[in-house]
Amino acid sequence: MFTVEKACLVVVDVQGKLATIVDDSETVIENVAKLVQAMKALEVPILWLEQNPSRLGGTALDIAQHLQGQPIAKMAFSACQEEAFVEAIKENGRSQFIVTGIETHICVYQTARQLKEQGFEVEVVVDAVSSRTKANKEIGLTKMNALGIYPTSTEMILYELLQRADHEHFKTILKLVK
Numbered sequence: 007m008f009t010v011e012k013a014c015l016v017v018v019d020v021q022g023k024l025a026t027i028v029d030d031s032e033t034v035i036e037n038v039a040k041l042v043q044a045m046k047a048l049e050v051p052i053l054w055l056e057q058n059p060s061r062l063g064g065t066a067l068d069i070a071q072h073l074q075g076q077p078i079a080k081m082a083f084s085a086c087q088e089e090a091f092v093e094a095i096k097e098n099g100r101s102q103f104i105v106t107g108i109e110t111h112i113c114v115y116q117t118a119r120q121l122k123e124q125g126f127e128v129e130v131v132v133d134a135v136s137s138r139t140k141a142n143k144e145i146g147l148t149k150m151n152a153l154g155i156y157p158t159s160t161e162m163i164l165y166e167l168l169q170r171a172d173h174e175h176f177k178t179i180l181k182l183v184k
């Protein structure tokens, strides 16, 4: 199981116009925002990525307003090919990665795959990822699952991290998911 002590949230490229035109964009943005808020409450590190931000724009405001610091800009589709991301992984020392964002079949898939290949535990939050088409999202999820990158949901991963109803942040998380 994923734990607060080992987990790290990775928010991949939920930015610009693309964030508004992917399949079920409102749900994706809402769920990524919930995850960010929950991770902040649980003190789980968040690695926040933006693909070519000068061209694609910044992270969706509904998400960015809950994030601190600066995103890691990238040009590679996989964040694992960006030195700043590799350094951030080393610095936070986490071994479990919860991956969210867009697009499922490109940047989410390549980042999750390379994290898994490096020996990390990786799960993808199915209701917090998307692609421009539902078919591409499904293909990305299928390929990740075949690699041992298991699907989870926003609510499932949050309760997994809590593990108990008497957790000090249970009520905070409950308000986010209800």
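Going letter by letter, the sequence shown gives residues 7 to 184 in our numbering.
Just so it is clear, CB atoms sit at the ideal spot from N, CA and C, and this is done for glycine as well.
Contacting residues, own chain, Cβ-Cβ under 8 angstroms from residue i (five flanking each side not counted)
i	result
residue 163	8, 41, 104, 129 and 131
residue 81	57, 58 and 88
residue 36	68
residue 43	72 and 182
Cross-strand partners of residue i (DSSP beta bridge)
i	result
residue 56	79
residue 136	108
residue 158	131
residue 180	None, per the DSSP bridge assignment.
residue 13	102
For residue j and residue i, believed in contact at Cβ under 8 angstroms, the rounded distance
i	j	result
residue 39	residue 68	5 angstroms
residue 13	residue 119	The Cβ separation is near 19 angstroms, so there is no contact.
residue 115	residue 154	That belief does not hold up - the Cβ atoms of residue 115 and residue 154 are roughly 13 angstroms apart, past 8 angstroms.
Length of the line joining the Cα atoms of residue i and residue j
i	j	result
residue 171	residue 161	14 angstroms
residue 138	residue 33	14 angstroms
residue 21	residue 64	5 angstroms
residue 84	residue 149	15 angstroms
residue 135	residue 29	9 angstroms
residue 165	residue 76	28 angstroms
residue 111	residue 11	29 angstroms
residue 2	residue 60	Here the chain covers residues 7 to 184 and nothing more, so residue 2 does not appear.
residue 151	residue 46	27 angstroms
residue 108	residue 17	9 angstroms
residue 53	residue 19	11 angstroms
residue 179	residue 123	31 angstroms
residue 158	residue 106	10 angstroms
residue 143	residue 55	19 angstroms
residue 121	residue 92	10 angstroms
residue 79	residue 90	8 angstroms
residue 25	residue 70	12 angstroms
residue 169	residue 86	30 angstroms
residue 27	residue 140	12 angstroms
residue 15	residue 23	23 angstroms
For residue i, three-class secondary structure by DSSP
i	result
residue 66	coil
residue 50	coil
residue 116	helix
residue 43	helix
residue 74	coil
residue 21	strand
residue 141	helix
residue 61	helix
residue 124	coil
Residues near residue i in its chain [Cβ-Cβ closer than 7 angstroms; skip 5 each side]
i	result
residue 48	10, 167 and 175
Any non-hydrogen atom of the ligand NAP closer than 8 angstroms to residue i Cβ
i	result
residue 17	This structure simply doesn't include the ligand NAP, nor any ligand for that matter.
Own chain residues within Cβ distance below 6 angstroms of residue i, not counting five before or after
i	result
residue 102	8, 12, 13 and 127
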